[in-house]
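Report on one structure; see the data block that follows.
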Amino acid sequence: MFTTTTQVLKSSETARGKSWQWLIGLVESQGCLSVARKSHNTEELSLSVSRPLKDTQVLYYIKGLFGYGHVKLLTTAKYYVANKRLLMNVLPLKCSGDGARLAGLVDGEGVFIVSLKHNPNGPKKKNVSFSLIISQVEGVVLKPFLEKLGGRIRKNEKGGTFKWVIQEKGDLIRIVRLFKKYSLRTKKRVDFLKWCKVLELTNYKSGLRYSPNHGESFGRETL
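Position 42, counted from 1, in the sequence shown is what full-length UniProt numbering calls 42; the numbers after and before it change by one each time, with no gaps.
Here's what the structure looks like:
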C-alpha cells in the first residue's frame, strides 16, 4: 500500500504523475501553503501537510516525492518543506479531474458511511444505506468529480464548507471501481475495504460483487 522513497524515485513517469495528482488532492484538503517575510526583504515559501500519527508513513511517501523536507512527530505527524525553488517548480502543476486527485481528496477529508435505519412498517425491518462524503472549503474543487461520478453538493452554512454526498447505487459502483484503480494511501483504505465488505455482506443489489481480499468485481464492465 505504501511506497519507499527509493521506489518513488525509480517509478515510471506515469506512476509519478498519478502520485503528484494524488498529492494535489491531499494538499487541497489537508495542506497549508504559506509565504513568510524574512529579513533583508526575502520571502520563505513553505508547504506543510499534517496527518494523524497512524498515517506517518504516508508523510514519508510525500517526502520521497519531493526529495526534500522533514517529518516531525508530536501529537500529530507533520511534513514540512521550505525549499522555494522546489516549490516554485511544483506549483505550476495542472490539476486533473482523474481518480488520483480524487483519491487524495478522500484521503484528506473523505468519510465512508454505512447507515442502518429501522423501518418497522416496511417489508424490510431494517434498511441499510451506503454513502461517501467529501468535505471541502472550495466547492469548485468538487465540481469536476460531480459531473463524472454523480452525487450532489451541499453547503454547510455554519462551517462554510461544501460536502459532496454520493449515495445512489450506480454512482457507488463507479466509486468502488475507481478506488480499485487509484488506491487510497492513508488508513482510509482500511475504511474503504470494510465499507466494501459490509456492502457485499448485505447483498446490496447493485450488480456488483466486491471482495476486499481478492480485489475483484463481477457483474458489470469496468468503466
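Using N, Cα and C, we set each Cβ at its ideal position, and we do this for glycine too.
Note that the coordinates shown come from a computational prediction; the quantities given were computed from them, not determined experimentally.
For my contact list, residue i and residue j are in at a C-beta cut-off of 8 Å; report their separation, rounded to the angstrom.
i: residue 47; j: residue 26; result: So it is not a contact: roughly 11 Å between Cβ atoms.
i: residue 50; j: residue 21; result: Between residue 21 and residue 50 the Cβ distance is about 20 Å, and since that is not below 8 Å, they are no contact.
i: residue 146; j: residue 175; result: 12 Å between Cβ atoms; not a contact.
i: residue 111; j: residue 133; result: 5 Å
i: residue 80; j: residue 69; result: 6 Å
i: residue 184; j: residue 103; result: 5 Å
Confirm, please, whether the CB-CB distance from residue j to residue i is below 9 Å.
i: residue 57; j: residue 105; result: no
i: residue 37; j: residue 43; result: yes
i: residue 65; j: residue 101; result: no
i: residue 181; j: residue 99; result: yes
i: residue 87; j: residue 23; result: no
i: residue 53; j: residue 75; result: yes
i: residue 117; j: residue 129; result: yes
i: residue 165; j: residue 173; result: no
i: residue 63; j: residue 71; result: yes
i: residue 139; j: residue 158; result: no
i: residue 55; j: residue 169; result: no
Under a three-way DSSP split, which group does residue i fall into?
i: residue 115; result: strand
i: residue 157; result: coil
i: residue 28; result: helix
i: residue 44; result: strand
i: residue 6; result: Note that residue 6 scores 43 on pLDDT, short of 50, meaning its location in the model is unreliable; the coordinates nonetheless yield the value given after this. Correct three-state label for residue 6: helix.
i: residue 54; result: helix
i: residue 194; result: helix
i: residue 137; result: coil
i: residue 87; result: helix
i: residue 34; result: strand
i: residue 78; result: strand
i: residue 96; result: coil
Just to confirm the assignment, what range does the alpha helix (DSSP H) spanning residue i have?
i: residue 185; result: From DSSP, residue 185 is part of no alpha helix (DSSP H); its letter is neither H nor E.
i: residue 82; result: No alpha helix (DSSP H) holds residue 82; DSSP gives it neither H nor E.
i: residue 149; result: 143–149
i: residue 109; result: 99–109
In terms of residues, what are the limits of the beta strand (DSSP E) holding residue i?
i: residue 73; result: 70–73
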